[in-house]
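Here the structure comes first, spelled out in structure tokens, and everything after it is commentary.
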Amino acid sequence: MTLGGWIIMLVSTLSVSTLFSWCIWKVLTTEGEEEKMHGFEIDTPDKK
Amino acid sequence: MTSHAPKESWNSRLGIILAVAGSAVGLGNFLRFPGQAAQYGGGAFMIAYFVALIIIGLPICWAEWAIGRKGGQAGFNSSPGILGFVTGQKRFRYLGVIGVVIPVVIYMYYVYIEAWCLGYAVNFARGSMNFEAVKDASAFWQGFIGIAENGSALGFGWTRVGGFLVIVFTLNFFLIYRGLSKGIELFCKYAMPTLLVLAVIILIRVLTLGAPVAEHPENSVYNGLGFMWNPNKAVLHELVADEAGGSEKWIPLADGEMVGPRMIKAAEERAAADPKLELRILTMWSQLANPQLWLAAAGQIFFSLSVGFGVIITYSSYLKKKDDVVLSGLAATSTNEFCEVTLGGLTTLPAGYAFLGVAGVAGMGTFGLGFNVLPMVFSEMPGGQFFGFAFFFLLFLAAVTSSLSMLQPGIAFLEEALNINRKQSVAFLGFLTAAGCAFVVYFSADVKALDTIDFWVTNLLMVVLATVQIIVFGWVIGIDRGFEIAHRGAAIRIPSIFKFIMKWLSPAFLIIIFGAWVYNGVLGFSFTGGERSYSAYIKDLFIEPNAVAWYSVGLIALTTGLIVLLTACGNFEKTSSKESSK
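Set out below in structure tokens:
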């Protein structure tokens, strides 16, 4: 593996990994995020 | 349209992000991407890949999220309904038909591949996947999917695809019937983290393999990473007679790429001893001058992100008016990119290279790498039974989260157009896709039906739909208004430079890609000025007509005709037209 290969591999993988980590952190820490616990019942408009 | 029924919705932002990311993460991340990157220059491919991500991937993604949520506020969840509403023009409904045709038709063959993944995972778990050579793994695969002759895939048992196909088909429709949040969302919230954990476990295993074959110390993970990522390539070329022109020309050997000083030195010695051999260095810049590389990179972004697919527009239509779409779109995209570049890029090809070298992995397509090379690699690897199971179970989970997303646009369309409930729409779509899937499975010889459908849908329809969507966002709605819609409730801002990109660069890039594909892929002209050569897909239709290829195109046309008919007869008028201008 050449120096160029190392640079491209590290820049590519680290940049997408950092972006991924930041996005997940941002999503989980943004206010207003509500989540309801799911049951296992069916939830289509049909039965309502 | 069930206008009085309570509207389905996502239960959490993380839920829809995982669902959209699950839609995008699939076999393409772990099998297609590494193969494409290595074939088209490694590091050079990555530059074109990231340019395509910025110019078409993210822009179309954000446009789809924004358009979908806007249409959803008026009660539309199908691509025809949404595009007709946001543009205020009925004719756009018919362009929106493509957003239903693509996922429905792709599902017909994708579920078949999904069954392969489950079958391989189960067979690894049973300990019955022990191969001595790639040809043994290839023979197993050919028998498993019935590649020898039409109709031979229709078998049951551990080593036949039939039983696994019934299981995955039923699982998909069971989850779709359960509803958006308690079917798709619930499954993705468990499947995606499981998939990531499995992928990281396999990544650690691969990166610690070293040089597992003692007789071939040059076949190492280190050199495998070089094969995948090096921007400059040392390739052994052979001087061959040009039959057409009578002259001689240098062509690269199929397994001629040399990685690492030991291989390069050996190649130089071979070239010195044989005047018909020459070791040439292909620089990153010379590879970037190849239009084929840009086509491949842009194509990979399309396949990978599920943009221009008709899925995101439907998924985001279930969002609420003030739900964020900018951060959600970026998060789903980054999840896909992490799976593809980091996990896929460091795992599959280096693993194959470490055991089989260049000759084992060079030029292998998606199926060759995934279902011939890797099973052989796992057979040889210490702990291979577990890692083989883990890898194919990972692919299976990735495939299910993708196939679920292919069904929801069809479900939403049928419920909207025919005013039917979930049971009826599931039954209708189940029958339609089962018929299409039966066609693909029956015509299994050389995977001709699957291959033909995949070529025309992904290369033609996806690019057309993506172009329509970005033009609707940037020109019909207007870029300023589009940005205003996208930023409602947004947790982050889209950088202003994307106004220029989304209005000018993205449509231009897409049109150029489409033109280049027609020029090269359809009309057979060479970018390098060589002889005109039609692709196998064109030959199958017009040069040496193949009945199965024509049936396959006919299946796409029939499905399109049915959806156009339903769109023409459907009820898409439930919202006042003035809503569209709000």
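For the record, the sequence lines run as chains A and B. Its first residue numbered 13, the first sequence is counted upward by one per residue in this note's numbering. Its first residue numbered 53, the second sequence is counted upward by one per residue in this note's numbering. We put the CB at the ideal spot given by N, CA and C, even for glycine.
State the DSSP-derived secondary structure class of residue i, mapped to helix, strand or coil.
i, result
"residue 62 of chain B", "coil"
"residue 532 of chain B", "helix"
"residue 200 of chain B", "coil"
"residue 287 of chain B", "strand"
"residue 310 of chain B", "strand"
"residue 701 of chain B", "Because chain B in this structure spans residues 53 to 634, residue 701 of chain B falls outside the shown range and cannot be described."
"residue 293 of chain B", "strand"
"residue 369 of chain B", "coil"
"residue 275 of chain B", "helix"
"residue 164 of chain B", "helix"
"residue 374 of chain B", "coil"
"residue 224 of chain B", "helix"
"residue 416 of chain B", "coil"
"residue 121 of chain B", "helix"
"residue 265 of chain B", "coil"
"residue 587 of chain B", "coil"
"residue 84 of chain B", "helix"
"residue 14 of chain A", "coil"
"residue 210 of chain B", "coil"
"residue 43 of chain A", "coil"
"residue 480 of chain B", "helix"
"residue 55 of chain A", "coil"
"residue 326 of chain B", "coil"
"residue 575 of chain B", "coil"
"residue 614 of chain B", "helix"
"residue 405 of chain B", "helix"
Leaving out the 5 sequence neighbours to the left and right, which residues in its chain are closer than 6 Å to residue i when beta-carbon positions are compared?
i, result
"residue 101 of chain B", "349"
"residue 35 of chain B", "Residue 35 of chain B cannot be examined here, being either before or after the span of chain B that is shown, 53 to 634."
"residue 261 of chain B", "273 and 406"
"residue 162 of chain B", "455"
"residue 517 of chain B", "150, 151 and 360"
"residue 436 of chain B", "430"
"residue 335 of chain B", "284"
Return the chain-ordered list of same chain residues with a C-beta closer than 7 Å to the C-beta of residue i, the five sequence neighbours on each side being excluded.
i, result
"residue 136 of chain B", "142, 144, 145, 148 and 624"
"residue 278 of chain B", "311 and 312"
"residue 402 of chain B", "258, 273, 276, 277 and 280"
"residue 332 of chain B", "287 and 289"
"residue 64 of chain B", "none"
Looking at the strands, I want to know which residues DSSP matches up with residue i.
i, result
"residue 332 of chain B", "B:287"
Which value, in whole angstroms, describes the spacing of the CA atoms of residue i and residue j?
i, j, result
"residue 78 of chain B", "residue 445 of chain B", "12 Å"
"residue 611 of chain B", "residue 429 of chain B", "40 Å"
"residue 491 of chain B", "residue 327 of chain B", "52 Å"
"residue 581 of chain B", "residue 590 of chain B", "19 Å"
"residue 614 of chain B", "residue 234 of chain B", "30 Å"
"residue 632 of chain B", "residue 140 of chain B", "Residue placement at residue 632 of chain B is flagged as unreliable, the pLDDT there being 46, under the threshold of 50; a coordinate-derived value is accordingly withheld."
"residue 390 of chain B", "residue 28 of chain A", "5 Å"
"residue 75 of chain B", "residue 418 of chain B", "18 Å"
"residue 60 of chain A", "residue 60 of chain B", "Any reading at residue 60 of chain A is ruled out, since the residue's pLDDT is 47, under 50, leaving its predicted position unreliable."
"residue 121 of chain B", "residue 309 of chain B", "48 Å"
"residue 547 of chain B", "residue 114 of chain B", "12 Å"
"residue 197 of chain B", "residue 184 of chain B", "20 Å"
"residue 478 of chain B", "residue 459 of chain B", "9 Å"
"residue 457 of chain B", "residue 447 of chain B", "16 Å"
"residue 465 of chain B", "residue 199 of chain B", "34 Å"
"residue 252 of chain B", "residue 339 of chain B", "31 Å"
"residue 527 of chain B", "residue 561 of chain B", "15 Å"
"residue 495 of chain B", "residue 202 of chain B", "5 Å"
"residue 267 of chain B", "residue 542 of chain B", "57 Å"
"residue 354 of chain B", "residue 321 of chain B", "42 Å"
"residue 264 of chain B", "residue 271 of chain B", "8 Å"
"residue 381 of chain B", "residue 512 of chain B", "24 Å"
"residue 248 of chain B", "residue 242 of chain B", "10 Å"
"residue 21 of chain A", "residue 15 of chain A", "10 Å"
"residue 420 of chain B", "residue 409 of chain B", "15 Å"
"residue 96 of chain B", "residue 347 of chain B", "13 Å"
"residue 376 of chain B", "residue 172 of chain B", "39 Å"
At a Cβ cut of 8 Å, what residues of the stretch 511–543 of chain B count as close to chain A, listed as they run along the chain?
543
Residues from the stretch 217–235 of chain B in contact with chain A, defined by Cβ distance under 9 Å
229, 230, 231, 232, 233, 234 and 235
Can you list, in chain order, the residues of the stretch 60–72 of chain B whose Cβ is nearer than 8 Å to any Cβ on chain A?
60, 63, 64, 65, 66, 67 and 69
Could you please tell me which residues of the stretch 277–291 of chain B, in chain order, have their CB closer than 7 Å to any CB of chain A?
277, 278, 281, 282, 283 and 284
Against chain A: residues of the stretch 177–204 of chain B by CB proximity under 9 Å:
none
Mind listing which residues of the stretch 377–392 of chain B have their C-beta closer than 7 Å to chain A's C-betas, in chain order?
379, 382, 383, 386, 387, 389 and 390
Looking at chain A, which residues of the stretch 452–482 of chain B have a Cβ within less than 7 Å of any of its Cβ atoms?
473, 474 and 475
Any C-beta of chain A within less than 8 Å: which residues of the stretch 397–410 of chain B qualify?
397 and 398
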